[in-house]
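2 protein chains.
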Amino acid sequence: MALPSFHLRLALLLLLAVCASAVHPRKLTRFGGVRRFTTSEPSYELPPEYEIHYYTQTVDHFNYKPYSYATFQHRYILNYKYWGGANSSSPIFVYTGEETDVTYDVETFILDLAARFKGQHVNSFESYFNTLGYLSLEQALADYAQVIVDVKKNLSAENCPAVAVGASYGGMLASWFRIKYPHIVIGALASSSPILYFDDITPQNGYHVAVTKDFRDTSESCYNTIKQSWSEIDRIAAEPNGLMTLSNKFNTCSPLNTSQELKDYLEIMYVSAAQYDNPPYYPVERTCRGIDGAPEGTDILGRIVAGLKSRFRGWDSCHDIFTFELSNKSAWDWQTCTQIVMPIGYGYNETMFEAEPFDINNYTKDCLDVFGIVPRPHWMTTEFGGHDIKTVLGNFASNIIFANGLRDPYSIGGVLEDISDSVVAVHTEHGAHCSDLHPPTPDDPDWLVAQRDKEIKIISAWIVEYYAKLATK
Amino acid sequence: MALPSFHLRLALLLLLAVCASAVHPRKLTRFGGVRRFTTSEPSYELPPEYEIHYYTQTVDHFNYKPYSYATFQHRYILNYKYWGGANSSSPIFVYTGEETDVTYDVETFILDLAARFKGQHVNSFESYFNTLGYLSLEQALADYAQVIVDVKKNLSAENCPAVAVGASYGGMLASWFRIKYPHIVIGALASSSPILYFDDITPQNGYHVAVTKDFRDTSESCYNTIKQSWSEIDRIAAEPNGLMTLSNKFNTCSPLNTSQELKDYLEIMYVSAAQYDNPPYYPVERTCRGIDGAPEGTDILGRIVAGLKSRFRGWDSCHDIFTFELSNKSAWDWQTCTQIVMPIGYGYNETMFEAEPFDINNYTKDCLDVFGIVPRPHWMTTEFGGHDIKTVLGNFASNIIFANGLRDPYSIGGVLEDISDSVVAVHTEHGAHCSDLHPPTPDDPDWLVAQRDKEIKIISAWIVEYYAKLATK
């Protein structure tokens, strides 16, 4: 593609918190560390070109208590290496990160994005505070607004166009930030952000139906084996010493306490394979290759073990069986117990899994037990919309890319259709969760290269349009 | 104008709080009663077609404290008289009111608006709570969102298009509501809403320069008399028994304590005349008629008194001199001390008034004295934008009417230029503050009739477009 003239202007990259590993189904979540979370998480070592800065941030943007404007030190990261400077109105890429430490995993596609624009400058933000009550999406977005305005002011960069980029939960933040603060960023690239997986917009079973489809499309026999494995586990568990038989079969480091532990663990293996079914490993295909490729006569659970061995190295040593439980140490779990209520569940025979319907009463009970808080399951659609999104945003918003890989089961809750000329869906049949934001490699498949090129082209157009308006002022 | 087909659908009118008398310069503000304000204000008697309802509202939408989802009873008003019902997807007009009791002054142009649409239904909301800390614009907008969603749900009216209408501070709320919650209202009519009078967007002296222009355009000699009156007051006050002379001259009920009292009072008289320079009374013209029409040889202060007599009836009895001071009983004053910091001030010889520059240090000191709170003078532009509004909203928002009367000094901080095809400025040379939202009368001048017709036509187009999209779903 022809390079627009602004390619010569070096871009400023501004990351608001750094992407870890994206949104998870509730039972799979275990990532903490977003805004205002009590944490002693490590700061990962940063490459030398990244500078850590602090902004004195307001704890509560929306209430005013006399004599109590509490503040906290909001950490963010800058990388001046590529930036063209304020005089050339060089663009600013703002990474709206999600549930992890800001120093973790700073180098995503956003660096490459700017490299394609001939330069960049990375900033990265996060915010911690030791009272979970203040951790909400609205406070986080307001934090971002304050820091971006402050960074621009400090750099005399008020005329520099800022673009939000985020992945997964961070992608939701990026798109909502563009929708709520259009005066602060000129556009948003929202990768794998399931902003429609709230309230009754998306079918509750969508996520697991999609996981099932990923496996079934890969191999009908693999799918059948997994589907049959649950009752086989129950059958063996019911035998004398059945749990020991299962523990030995799966080579667990500690004996299983219940067969449900094993089932939960296997479910995590399958959904994570589907969600992160990225090149070059393609864990769904690897798992199925093991399941289907086991020697003739291998029984069902033997095939399941063969699938795990095919996917993971080191299976010969014993294996830790883990499951995820709500934790009062996890900021993400806190968020699922307050605002981010994704009603994920599925009935009998709708997927390759055993039925597990979404039950708001149980969900609420768990949140009360762990956090003492009642979730607000309808607040997201009241605050951010989502129903009838095509009519609403088609007439309203502009400059948002909703990027998805259709193998990612979260894509079911994403925006998969163009909403207008400038609120567009860019998805790939083969991609998984946040594939496009992974750091590019020379071995990337053509479809991934093409997806990123398309995103760059769209973002280019936003910036060109911005400069054209700037020139007429 | 030809009636679009939807004119046969009766409209639902939803007022979120009722307009009193609009935004005031800080020193003139005295209106209380918005969201969450400790108040024992009276409930005005409503016409029988208005029903009072209550919604159990969340006190704090943006923080989550375990075991502490406090709620309050959010009062709103419904009028079913004209409504066509949910089956015909009849429109809903939402009145986003401002600083007064919800039962006060319910019958504005919004009733007429719907009458022109062959019917309507009035709802009116407000919200009180006894902790000022929770009174913020963001909480108020979130309250509105919750109630509108709830009312629609209760009436199975999810498909009914809602339109926000507001005047002055309520007009700011209407436009910001459209900007922040485009999924809840399809458009907004924002009358006399000075959304650009924040930070450094509008010249600080704009308001008083405009007041001065109103008087000078009406009469050069009237303007000169007022301009000269301040030093004349000082001269007389400096004489022996000068304050008594002034008290007698102005027929004050109590003796003046300082000459400043009189000056403040007169300033209020002039700016209120300009702000509310509405038909049929036109207080600027009346004031100037009195000043200019005094008998040959009348001295300067005699002319000022003649101006007041011409404007007000009952001048023969004594006159209460009043000024406005920040009050810890006023919700509006609270808002000016937290978020709504309009930097209104003016230097020497810039207006017909004595210099009174805006001083953020004094402003802050007053707020600390009265409320113990430090204002956030830059928060409004971070949260709601305003700088470079044409670029930002031209590329983003849709369906907002910014209505102004250019005689209203607040129009200086309003949006007076079309921003896009559907974010438009509708202003009149002769109009004052919120003229268009006054209840229409048979004696209204042509320009006012034309302004309202234009607003109706634009709102018609929004609704027609909405129905067209609805039909394709």
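As you go down the protein sequences, you meet chains A and B in turn. Mapping to the UniProt record's numbering: the first sequence position 437 is 437, numbers consecutive. Mapping to the UniProt record's numbering: the second sequence position 175 is 175, numbers consecutive. Cβ coordinates follow ideal geometry from the N, Cα and C atoms, glycine included.
The beta carbon of P182/B sits closer than 8 Å to some beta carbon of chain A. Using a Cβ-Cβ cut-off of 8 Å, T338/A counts as an interface residue toward chain B, since at least one Cβ of chain B sits closer than that to its own. In the three-state reduction of the DSSP assignment, A190/B falls in the strand class, which pools E and B. A direct Cα-to-Cα measurement between Y197/A and N63/B gives close to 22 Å.
Here the alpha carbon of Q228/A sits roughly 25 Å from the alpha carbon of C318/A.
Chain B places a beta carbon closer than 8 Å to that of S398/A, counting this residue as a contact. The secondary-structure analysis by DSSP pairs G405/A across a beta bridge with T428/A. For K329/B, there are no C-beta contacts with chain A under 7 Å, since the nearest C-beta of that chain is about 15 Å from it.
Sequence-distant partners of W447/B (beyond 5 residues in either direction) whose C-beta falls short of 8 Å from its own C-beta, in its chain, are T428, E429, H430 and G431. Looking at the DSSP output, E417/B bridges to nothing.
Within the region 384 to 398 of chain A, the residues whose Cβ lies closer than 9 Å to some Cβ of chain B are F384, G385, G386, H387, D388, I389, K390, T391, V392, L393, G394, N395, F396, A397 and S398, listed in chain order. Put simply, the backbone Cα of P91/A is about 12 Å away from that of A461/A. Using beta-carbon distances, A145/A counts as an interface residue toward chain B, with a partner under 8 Å. As summarised for the region 248 to 323 of chain A, the continuous alpha helix (DSSP H) elements at least 4 residues long and confined to that stretch are 259 to 275, 283 to 293 and 300 to 311, given in chain order. Taking a 10 Å sphere around the C-beta of F250/A, we find 16 or more other C-beta atoms and assign the residue as buried. Between the alpha carbons of I300/B and E232/B lies a distance of about 7 Å. Residue burial annotation: C253/A is exposed, with fewer than 16 other C-beta atoms found within 10 angstroms of its C-beta. K180/A sits buried, since 16 or more C-beta atoms from the chains shown fall within 10 Å of its C-beta. Chain-order list of chain B residues neighbouring Y134/A: N63, by C-beta distance under 7 Å. Counting the other Cβ atoms within 10 Å of the Cβ of I304/A gives 16 or more, which makes it buried. When only Cα atoms are considered, E138/A and N159/B end up about 27 Å apart. In terms of beta-carbon proximity, A355/A stays away from the interface with chain B, with every pair separated by 8 Å or more. In this structure, A397/A keeps its C-beta atom at 8 Å or more from the C-beta atom of E383/B.
Annotation: the continuous alpha helix (DSSP H) that includes Y207/A extends over G206 to T218. If you check the CB distance, Y50/B and Q73/B do not come in under 8 Å. With 16 or more other Cβ atoms inside 10 Å of its own Cβ, D366/A counts as buried.
The C-beta of E138/B comes closer than 8 Å to at least one C-beta of chain A. Per DSSP, the unbroken alpha helix (DSSP H) holding G394/B starts and ends at I389 to G394.
The region 373 to 381 of chain B makes contact with the region 336 to 355 of chain B: 3 or more CB pairs, one atom from each, lie closer than 8 Å. Taking the CA atoms as reference points, T472/A sits about 20 Å from I459/A. Beta-bridge partners of E356/A (DSSP): Y346/A.
DSSP places V149/B in the helix class (H, G or I) of the three-state scheme.
A355/B places its beta carbon less than 8 Å from that of Y346/B. Excluding residues up to 5 positions away in sequence, R303, A306, G307, L308, K309, S310 and R311 lie with their Cβ nearer than 8 Å to the Cβ of G290/A in the same chain. When the Cα atoms are used, I360/A and G166/A turn out to be separated by approximately 29 Å. Between the alpha carbons of S221/A and D292/A lies a gap of roughly 7 Å.
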